[in-house]
Amino acid sequence: MKHEPKQILSVSRRTDIPAFYMPWFMDRVSRGVVEVVNPFNRKVRQVAVTPKRIHTMVFWSKNFGPFLENGYGERLQAMGYHLFFNFTVNSRSPDLEPEVPALDGRLDQLRQLCRRFGAASVQWRFDPICHFTRQGGSIETNLDDFETIAASAGKCGIGTCTTSFMDHYRKIERRVRDRLTFVEPSPAERVRILENMEQTLRPLGIQLTLCCEKDTLEQLPQKSAVSAGACISGRRIMAVHGGRVSLRQDSGQRKSAGCGCTVSVDVGSYSLHPCRHNCLFCYANPACDGRRVE
């Protein structure tokens with residue numbers, strides 16, 4: 309009888325569990341089951357999270373400090389789980405990302421992740437690229453520290469950087485209008501930025517990939533080394549950890565926008581696990597819809 313492939317657990321696209329909710333997550337792992345809330349219809353289903361059912365846990369975070377300090381990764385490995393990490397490391401920007409740790413601390417976390425779990429299990433996300441003005445001033449971006457972060461990632465042995473441009477939502481524009489104005493770059497400007505980023509990354513052995521940027525990808529020169537990416541790639545996970553997972557595309561993600569992710573089960577909740585980073589550009593920021601974060 310043919311065995312079904314194990315599942316990939318996404319921890320989590322919807323919030324930062326490694327930074328804020330690892331005690332909750334570890335409790336659910338110890339029980340062997342987690343209740344997953346559908347963000348659209350609010351239906352709840354129980355998902356088995358035993359090593360028998362889960363191949364790899366993919367952790368998403370802007371601050372892996374609590375995860376590393378408490379040895380959660382080693383504890384999960386000892387239970388029989390494979391781990392993969394999507395670490396978003398953007399430039400230092402107190403205006404855009406007021407609650408993330410200082411850049412030096414995040415780069416140290418990046419080094420620790422690679423040293424303790426292997427660089428092949430770590431993907432750097434520089435996401436999103438933002439353009440903005442303050443009170444009618446000149447256009448600024450959050451690319452200031454990109455070269456510094458890239459150099460550190462290259463020394464760690466990281467092989468991919470995934471990026472995208474900020475998505476503009478009305479609720480975000482309303483929230484920030486007293487502080488700054490987000491600006492949408494032209495297609496030509498997007499191409500210029502990506503080509504410059506790729507030229508920075510190439511000597512470091514890092515491949516630049518795009519997350520949900522189908523239209524931008526089509527604007528790039530035919531011989532561009534920038535390619536479509538997948539934040540959760542079943543093929544990459546199997547290459548790193550062996551075993552077998554489904555390679556089916558995740559229908560719950562933005563396929564029409566160019567998302568190439570493999571199917572996974574996301575255990576986070578926008579309402580139950582509000583993110584406390586308070587990033588100005590984030591559509592899931594609790595400040596967007598009045599949710600209070602203690």
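Reminder that position 155 of the sequence shown reads as 463 in this note's numbering, one-by-one numbering, no gaps.
Ideal Cβ placement from N, Cα and C applies to all residues, glycine included.
Check for me: the alpha helix (DSSP H) holding residue i runs from which residue to which?
i, result
"His363", "Segment Ile362 to Ser369 is the beta strand (DSSP E) holding His363; no alpha helix (DSSP H) there."
"Leu421", "Leu411 to Phe425"
"His549", "Gly542 to His549"
"Arg383", "Tyr380 to Met387"
"Val484", "Arg478 to Val484"
"Asn504", "Pro495 to Leu509"
"Gln527", "Lys522 to Gln527"
"Ile457", "Phe454 to Cys464"
In whole angstroms, give me the CA-to-CA distance for residue i and residue j.
i, j, result
"Ile325", "Val430", "17 Å"
"Val607", "Leu317", "No answer is possible for residue 607: the residues shown for the chain start at 309 and end at 602."
"Gly551", "Asp486", "51 Å"
"Leu528", "Pro511", "20 Å"
"Ala386", "Arg424", "13 Å"
"Leu384", "Gly340", "12 Å"
"Asn504", "Asn371", "27 Å"
"Met330", "Val345", "18 Å"
If you drop the 5 nearest sequence neighbours on each side, which residues of the same chain put their C-beta closer than 6 Å to that of residue i?
i, result
"Ser535", "Thr517"
"Ala533", "Glu506"
"Met309", "Summary for Met309: the model assigns pLDDT 42, below 50, so the residue's position carries little reliability; its value from the coordinates is reported in the next sentence. Hits under 6 Å: none found."
"Ala427", "Cys464, Gly465 and Ile466"
For residue i, which residues in the same chain have their Cβ closer than 7 Å to its Cβ, ignoring the five residues on either side in sequence?
i, result
"Pro406", "Asn586"
"Gly598", "With a pLDDT of only 43 at Gly598, under 50, the local geometry of the prediction cannot be trusted, and no value is derived from it."
"Gly388", "Pro359"
"Ala538", "Gly568, Cys569 and Thr570"
Output the boundary residues of the beta strand (DSSP E) element that contains residue i.
i, result
"Ala356", "Val352 to Ala356"
"Val341", "Val341 to Val345"
"Thr471", "Thr468 to Phe473"
"Phe298", "The requested residue 298 does not occur in the structure, where the chain is confined to residues 309 to 602."
"Thr396", "His390 to Thr396"
"Thr517", "Gln515 to Leu518"
"Leu404", "Neither: Leu404 is in no beta strand (DSSP E) and is coded neither H nor E."
Among residues of its own chain, excluding the 5 on either side of residue i, which ones have a beta-carbon nearer than 8 Å to its beta-carbon?
i, result
"Pro436", "Thr471, Ser472, Phe473, Met474, Asp475 and Phe589"
"Phe490", "Cys438, His439, Phe440, Met474, His476, Ile480, Glu481, Val484 and Phe589"
"Thr508", "Phe454, Glu455 and Ala458"
"Arg562", "Cys520"
Within 8 Å of any Cβ in chain C, is that where the Cβ of residue i sits?
i, result
"Met505", "In the structure shown, chain C does not exist; there is a single protein chain."
How would you label residue i, buried or exposed, when you count the other beta carbons within 10 angstroms and need 16 or more for buried?
i, result
"Glu343", "exposed"
"Ile501", "buried"
"Ala410", "exposed"
"Ser460", "buried"
"Glu521", "buried"
"Asn450", "buried"
"Val601", "The pLDDT assigned to Val601 is 35, lower than 50, so where the model puts this residue is not dependable; a value taken from the coordinates is nonetheless given after this. Classification of Val601: exposed, given that the 10 Å Cβ count is below 16."
"Val352", "exposed"
Decide yes or no for the touch test of the stretch 386-404 against the stretch 571-585: beta carbon pairs closer than 8 Å, at least 3 of them. With the cut-off at 8 Å, the stretch 386-404 and the stretch 571-585 do not touch.
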